[in-house]
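**Student:** Residue numbers are given in the working numbering: position 217 of the sequence shown equals residue 226, and the series is strictly consecutive.
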Amino acid sequence: MRLVAGVWGFKTLAVGVEFGLFTRLAGGRTITLAEAAAEFGLDERPADLLLAASASLGLLERAGDGYRNTELAEQFLVEGRPYYFGAQVRYSDLRTYLPWHRIADALRTNRPLTWDPQAQQSLFDTVDPEMLAQFWDAMFSTSSFTARALADTYDFGAHTRLLDVGGGAGAFPIEFCRRLPQLRATILDLPHVCAKAQERIAADGLTDRIGTVAGDFLADPALPEGHDVVLLSMILHDWDEPTNRALLAKCHAALPPGGAVVICELLLDDDRAGPPEAALMGMNMLVETEGGKNYSGAEYAAWLADAGFVDVERLTFDAPGANGAVVGRRA
Numbered sequence: 010m011r012l013v014a015g016v017w018g019f020k021t022l023a024v025g026v027e028f029g030l031f032t033r034l035a036g037g038r039t040i041t042l043a044e045a046a047a048e049f050g051l052d053e054r055p056a057d058l059l060l061a062a063s064a065s066l067g068l069l070e071r072a073g074d075g076y077r078n079t080e081l082a083e084q085f086l087v088e089g090r091p092y093y094f095g096a097q098v099r100y101s102d103l104r105t106y107l108p109w110h111r112i113a114d115a116l117r118t119n120r121p122l123t124w125d126p127q128a129q130q131s132l133f134d135t136v137d138p139e140m141l142a143q144f145w146d147a148m149f150s151t152s153s154f155t156a157r158a159l160a161d162t163y164d165f166g167a168h169t170r171l172l173d174v175g176g177g178a179g180a181f182p183i184e185f186c187r188r189l190p191q192l193r194a195t196i197l198d199l200p201h202v203c204a205k206a207q208e209r210i211a212a213d214g215l216t217d218r219i220g221t222v223a224g225d226f227l228a229d230p231a232l233p234e235g236h237d238v239v240l241l242s243m244i245l246h247d248w249d250e251p252t253n254r255a256l257l258a259k260c261h262a263a264l265p266p267g268g269a270v271v272i273c274e275l276l277l278d279d280d281r282a283g284p285p286e287a288a289l290m291g292m293n294m295l296v297e298t299e300g301g302k303n304y305s306g307a308e309y310a311a312w313l314a315d316a317g318f319v320d321v322e323r324l325t326f327d328a329p330g331a332n333g334a335v336v337g338r339r340a
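1) Can you find the residues in the same chain that come closer than 7 Å, C-beta to C-beta, to E286, ignoring five residues on each side of it along the sequence?
2) Give the C-beta separation of V239 and C260 to the nearest angstrom, bearing in mind that I take them to be a contact with Cβ-Cβ under 8 Å.
3) Would you mind reading off the limits of the alpha helix (DSSP H) that contains L12?
4) Compute the Euclidean distance between the alpha carbons of L34 and L86, then round it to the nearest angstrom.
5) In the DSSP output, what is C7 paired with across the bridge?
6) Please name the residue, chosen from A82, P91, D57 and E88, that lies closest to G75 on a Cα-to-Cα basis.
7) Could you tell me the alpha carbon to alpha carbon distance between L372 and L69, rounded to whole angstroms?
8) Need the endpoints of the beta strand (DSSP E) that G214 sits in, please.
9) Looking only at its own chain, which residues have a Cβ that is under 8 Å from the Cβ of G307, when we skip the five neighbours before and after it?
10) Which runs of the beta strand (DSSP E) spanning at least 3 residues fall entirely within the region 60 to 126, listed in chain order?
11) Rounding to the nearest angstrom, what Cα-Cα distance links M292 and H246 in this structure?
12) Given this structure, state the Cα-to-Cα distance separating L313 from A258, to the nearest angstrom.
13) Within 9 Å of any Cβ in chain C, is that where the Cβ of D320 sits?
14) Between L241 and V271, is the Cβ-Cβ spacing less than 9 Å?
15) Should E53 go down as buried or exposed, given a rule of 16 or more other Cβ atoms within 10 Å for buried?
16) Does the separation of the CB atoms of A156 and A180 fall below 9 Å?
17) In the structure shown, what three-state DSSP assignment does T162 receive?
18) Helix, strand or coil: which one does DSSP assign to D173?
19) Pick from Q207, S101 and A212: whose alpha carbon is nearest that of E297?
20) Counting only runs of 4+ residues fully inside the region 179 to 232, write out the alpha helix (DSSP H) ranges in chain order.
21) When you compare the region 113 to 126 with the region 141 to 157, are there three or more beta-carbon pairs, one atom per stretch, that lie closer than 8 Å?
22) How many whole angstroms separate the CB atoms of L103 and D114, which I take to be in contact at a CB cut-off of 8 Å?
23) Could you check if N119 is buried or exposed, using at least 16 other CB atoms within 10 Å of its CB as the buried criterion?
24) Measure how close the beta-carbons of G18 and L66 come, nearest whole angstrom, since I'm counting them as under 8 Å.
25) Short check: CB of D173 to CB of A194, under 9 Å?
26) With distances taken Cα to Cα, identify the nearest neighbour of T79 among G36, Q97, E184 and R99.
27) Could you tell me if the beta carbon of S242 falls within a distance shorter than 8 Å of some heavy atom in the ligand PLP?
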């Protein structure tokens with residue numbers, strides 16, 4: 010029954026974000042049932058149910074005769090906070106929720122549900138600029154906190170030049186460069202994505218340390234050189250094994266001796282029986298991509314070794330976008 014009711018919890022979270030409930034309660038504000046009903050234009054019955062359900066999920070807590078944000082909601086669901094996660098909630102609600110209702114179609118056809126490969130070049134190619142903006146905001150939201158967890162686990166201080174392949178709006182380089190004054194970074198992504206990244210980088214005052222290179226890491230024959238660490242964060246699960254092996258070969262060629270590649274993903278256990286976060290993200294790759302799936306740490310380790318990397322190690326941590334990293338070094 011908990012599995013059946015899982016969607017109820019998600020939709021309660023999503024409608025709270027849609028209404029701006031948690032942002033309105035920022036800074037310790039308490040709201041009573043009557044105030045919530047008036048503020049959101051609801052009858053008292055649905056307002057009561059929304060507040061009670063949000064509290065049951067750990068998003069609100071009782072305060073006298075009203076409700077206020079929990080620490081969790083205050084940190085992640087208030088717009089403007091550094092690790093605001095509402096963009097991911099909104100994107101999932103608007104983009105992937107309804108296609109997931111047709112998951113049997115994806116299983117039978119082995120085709121994505123959120124875009125049409127016959128009419129679009131990729132899932133990132135959309136005629137809807139608003140949805141595309143939602144996507145990049147969602148990725149930034151998820152990546153920012155994941156970057157913090159990765160930086161706590163892997164010593165990027167041992168490097169001076171980072172290449173973030175498919176780096177999107179720059180969440181990882183921004184997080185790393187805030188911490189490490191010696192680090193410089195380059196984001197490699199499509200031209201319109203680089204423009205988005207430049208906006209984020211400028212807002213954080215890091216234009217002198219983080220640059221962008223417009224390109225296609227799959228189609229381009231080589232990756233930019235001059236970096237001693239290459240990051241592949243939430244990239245390889247978008248593609249099939251041959252594509253990923255080819256990209257790792259490009260990483261090896263672009264790195265100097267002693268340079269490292271860091272694969273940051275939701276890793277499956279080696280027996281491919283969990284954890285649920287990785288296995289269910291794999292199902293989402295069926296909905297969203299042509300050939301993507303989530304892989305195990307052992308699979309990545311084997312691919313790295315075959316590409317010529319040595320001293321392969323696995324790291325574990327807890328974050329929304331990844332539960333670990335696999336690191337290899339060029340001899």
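For each residue, glycine too, the CB sits at the ideal point set by N, CA and C.
**Tutor:** According to the structure shown:
1) L275 and N332
2) 5 Å
3) R11 to F28
4) 10 Å
5) With the chain covering 10 to 340 only, the question about residue 7 has no answer from this structure.
6) D57
7) Residue 372 is absent from the model: the chain starts at 10 and stops at 340.
8) That residue, G214, is in no beta strand (DSSP E); it is neither H nor E in DSSP.
9) Per the sequence presented here, residue 307 reads as Ala, with Gly not at that position. For A307, where only same-chain residues beyond five positions count, the Cβ hits under 8 Å are D279.
10) 69 to 72 and 75 to 78
11) 11 Å
12) 9 Å
13) Among the protein chains of the structure shown there is no chain C, as only one such chain exists.
14) yes
15) exposed
16) yes
17) helix
18) strand
19) S101
20) 180 to 188 and 200 to 212
21) no
22) Not a contact, Cβ separation roughly 20 Å.
23) exposed
24) 6 Å
25) yes
26) G36
27) Of the ligands one can find in the structure shown there are none, so the ligand PLP has no counterpart to examine.
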